[in-house]
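Worksheet: the structure to be examined is printed underneath.
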Amino acid sequence: MDKKIGFIGTGNMANAIIHGIINSGIAPASQIVVFDVDTSKTQALSAEVGTVTAQSAPELTNACDIVFLAIKPHIVPAVLKEIASTIKSNHVLVSIAAGVTLGQLAEQAGYNAKIVRVMPNTPAMVNAGMSSLTANSLVEEQELADITAIFNSFGRSAVVPENLIHAVTGISGSSPAYVFMFIEALADAGVLGGLPRAQAYQFAAQTVLGAAKMVLETGEHPAMLKDMVCSPGGTTIEAVKTLEEKGFRSAVIEAVVSCMDKSKKLSEK
692 MDKKIGFIGT GNMANAIIHG IINSGIAPAS QIVVFDVDTS KTQALSAEVG TVTAQSAPEL
752 TNACDIVFLA IKPHIVPAVL KEIASTIKSN HVLVSIAAGV TLGQLAEQAG YNAKIVRVMP
812 NTPAMVNAGM SSLTANSLVE EQELADITAI FNSFGRSAVV PENLIHAVTG ISGSSPAYVF
872 MFIEALADAG VLGGLPRAQA YQFAAQTVLG AAKMVLETGE HPAMLKDMVC SPGGTTIEAV
932 KTLEEKGFRS AVIEAVVSCM DKSKKLSEK
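Counting the sequence shown from 1 gives a position; our numbering is that position plus 691.
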């Protein structure tokens, strides 16, 4: 990609994206410009991979074609106010700030700004992220393709309309936390059964990873994959029966719905 890519903010998610861009060959480190008020972060990143450091957010915007807002939601208004005068027609702003809508971003950046709103998740840090992309009407097809390629470089992505962002938050943005709880519960049961703690986590985590990979790579319905494990009168169907009795599916659905409701409330603020 023959474009300069800038990152305002260099936290964990920005680092994951930057490493994905470089490791996949989308762009070299020399085409990536970073700025953070915490200069120790930008210095460390420059020393590690060779990114270019800007001295201010406006300087970064002037130097780049694609500008990532990799900052906390409450900081977004101040940063956009600072860079608004430097945003030109060639710029594409990419926001990974949770809960900040396209409309809110445009209100602060200017209604002529090209904006892509993204909801990534923390597995991006191990090249297994899942991100949703939502662009405003000004973003051109090739520009969206470029942004999609960036997010595919450290996992998978899908373009979704903005009204589905809350659902994405519930089943992707926040759900790693639920999965970690599930892995922890599996491991606790393993320890109860006599496995050493470290080994229990290994068995539980690898099994969750493998099961997810089967869903993605076989294309089979999860119910069919479940049935493949459930032998007649066997141990697995007995465990499935217990999960159903304890309301496993219902608990998961209700948790995701509560997450979606909270996401809606936060966006309205």
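Cβ atoms here follow ideal geometry from the backbone N, Cα and C, with glycine treated the same way. Note that the coordinates shown come from a computational prediction; the quantities given were computed from them, not determined experimentally.
Annotation: the stretch 697–736 contains the following complete segments of the alpha helix (DSSP H) (minimum length 4 residues), in chain order: 703–715. Annotated three-state conformation of M692 is coil, per DSSP. For A819, no alpha helix (DSSP H) encloses it, and the DSSP letter there is neither H nor E. Looking at the backbone, the Cα of V948 and that of K956 are separated by about 13 Å.
The C-alpha of R888 lies about 15 Å from the C-alpha of T898.
A contact between stretches requires three or more CB pairs, one per stretch, nearer than 8 Å, and the stretch 750–759 fails this requirement with the stretch 727–742.
Along the stretch 774–851, the alpha helix (DSSP H) occurs as fully enclosed runs of 4 or more residues at 793–800 and 832–843, listed in sequence order. Straight-line spacing of the CA atoms in I713 and N827 works out to 27 Å. Just so you know, the alpha carbons of V859 and L736 end up roughly 30 Å apart. In the structure shown, T744 adopts extended strand secondary structure according to DSSP, grouped into three states. For L760, the three-state secondary structure derived from DSSP is strand. By alpha-carbon distance to A819, the top candidate from S844, A876 and L796 is S844.
The C-beta distance from F842 to S866 rounds to 17 Å, too long to meet the 8 Å contact threshold. In this structure, V785 places its C-beta atom within 9 Å of the C-beta atom of V807. For I874, the enclosing alpha helix (DSSP H) starts and ends at S866 to L883.
For L916, the three-state secondary structure derived from DSSP is helix.
Rounded to the nearest angstrom, the gap between the Cα atoms of Q799 and I762 is 15 Å.
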